[in-house]
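In the working numbering, the protein residues as written are 4 to 169. Notes follow the structure.
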């Protein structure tokens, strides 16, 4: 099974400079993608579409910027099933999430799964699934591709891709 772990695109800072006309958000959860972030996600979506025809299951964080990222991905590649989960937020436990996901995939197989989340969750998720890999730093809209065997409850990092400078 292919697992794609994707970090959201560039997001606006929580407190932007009022001098520059930036918006201030009441919470981190409300931060939105910037125009650059949208372009990054579009580029990563194009890469994903060139390599994979569709995604069986997509899971995204409850935070706005991750949901916006998934919305853009969905415009470029068919997503059969979409779920919003509080288990893939920046402070979520990647071991708990991975264990639950892999157990689920033993019962409900999927050929391709996309998880859209945040730092540091994405780097720790990859490291947990492939114990031979130190937690990699993810660029915004970066995608890690893992081969995962739900029965073995483990995976292997195959590649990481980043969008070109946007």
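All C-beta atoms in this analysis are idealised placements derived from N, C-alpha and C, irrespective of residue type, glycine included.
- Taking the CA atoms as reference points, residue 160 sits about 22 Å from residue 69.
- Taken through DSSP and simplified to helix, strand or coil, residue 42 comes out as helix.
- For residue 134 and residue 37, the gap between their C-alpha atoms comes out near 34 Å.
- With contacts defined as CB atoms closer than 9 Å, residue 6 and residue 154 fail to qualify as a contacting pair.
- Residue 90 counts as buried, since at least 16 other C-beta atoms from the protein chains shown sit within 10 angstroms of its C-beta.
- Where residue 143 is concerned, there is no enclosing beta strand (DSSP E), because DSSP gives it neither an H nor an E.
- When only Cα atoms are considered, residue 139 and residue 127 end up about 8 Å apart.
- Taking a contact to require three or more Cβ pairs closer than 8 Å, the segment 35-52 and the segment 106-114 do not qualify as touching.
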